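Input: a single structure, listed below in structure tokens.
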Amino acid sequence: MNTQFAQALFRSNGGFAALVLRVPVGLILAAHGAQKLFGWFGGYGLEGTGQWLASIGLGPGYLMALLAGSAEFFGGLALVLGLLTRPAALVAAFTMLVALFAVHIGNGLFMANNGYEYALTLAAVSLSLAIQGGGRFALDNVLLERFAGGRGQRIVTGH
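Numbering (this note's numbering), first residue to last: -17 to 141.
Shown next, in the form of structure tokens:
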């Protein structure tokens, strides 16, 4: 792997704060994805979620449910682990922005009215993780050492 690419993908200037953001947001995203994919935690699974997505104009519904559920579930797990943090965070942010504009924007800000505050918060945190990376306590550091290290270079992963 190209050393510059590995540095850009895995290196982070984030420290402990990235962990504080990654873990709860990753768990929340993974739980929402599990609702869509598996019907866990009171969710409707792929069929039910797909039907609902198609009914609001996001079709084909089953495919959109599979994409959204996978982005949330697998992206959330990746965030918890700090594994491929930047790509996972970008996918999560994109998914939350689609939800914000396709579902929640017309309902105002507040969640009590099915508004967009929650999707906006998840998108903002995800974007911040995409910018700063997974931080000191992320598996990305192991990947960085493997792909960019071992070539006589000192790898700096932030503080």
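Backbone N, C-alpha and C fix where the C-beta goes; we use that ideal spot for every residue, glycine too.
None of these values were measured; they are calculated from a predicted model.
{"Item": "Could you pull out every residue in the same chain whose Cβ sits closer than 6 Å to the Cβ of A94, ignoring the five residues on either side in sequence?", "Value": "none"}
{"Item": "Measuring only the C-alpha atoms, how far is A(-1) from H14?", "Value": "23 Å"}
{"Item": "If the criterion is Cβ atoms closer than 8 Å, does the pair G8 and L59 meet it?", "Value": "yes"}
{"Item": "For V2, count neighbouring C-beta atoms within 10 Å of its own C-beta (all shown protein chains included) and say buried if the count is 16 or more, exposed if not.", "Value": "exposed"}
{"Item": "Which runs of the alpha helix (DSSP H) at least 4 residues long sit entirely within the segment -1 to 55? Give them in chain order.", "Value": "27 to 37"}
{"Item": "Okay, do the segment 60 to 77 and the segment 103 to 114 touch, 3+ Cβ pairs below 8 Å being the bar?", "Value": "yes"}
{"Item": "Which of the three DSSP states, helix, strand or coil, is assigned to R128?", "Value": "helix"}
{"Item": "Give the range of the alpha helix (DSSP H) segment to which V107 is assigned.", "Value": "E99 to Q114"}
{"Item": "Taking Cβ to Cβ, would you say L200 is nearer than 8 Å to L121?", "Value": "This structure leaves residue 200 out entirely; the chain is present only between -17 and 141."}
{"Item": "Can the beta-carbon of H86 be found less than 8 Å from the beta-carbon of A106?", "Value": "no"}
{"Item": "With DSSP as the reference, label N(-16) as helix, strand or coil.", "Value": "coil"}
{"Item": "Give me, in chain order, the residues of the same chain whose beta-carbon lies closer than 8 Å to that of G90; leave out the 5 immediate sequence neighbours on both sides.", "Value": "G97 and Y98"}
{"Item": "Helix, strand or coil for F119? Go by DSSP, reduced to three states.", "Value": "coil"}
{"Item": "Return the chain-ordered list of same chain residues with a C-beta closer than 7 Å to the C-beta of T139, the five sequence neighbours on each side being excluded.", "Value": "Unreliable placement is indicated for T139, whose pLDDT of 48 sits below 50; the coordinate value is still reported in the next sentence. Closer than 7 Å at Cβ, skipping near neighbours: R(-7), S(-6), R118, N123 and L126."}
{"Item": "Can you tell me whether F55 is buried or exposed, with buried defined as 16 or more other CB within 10 angstroms of its CB?", "Value": "buried"}
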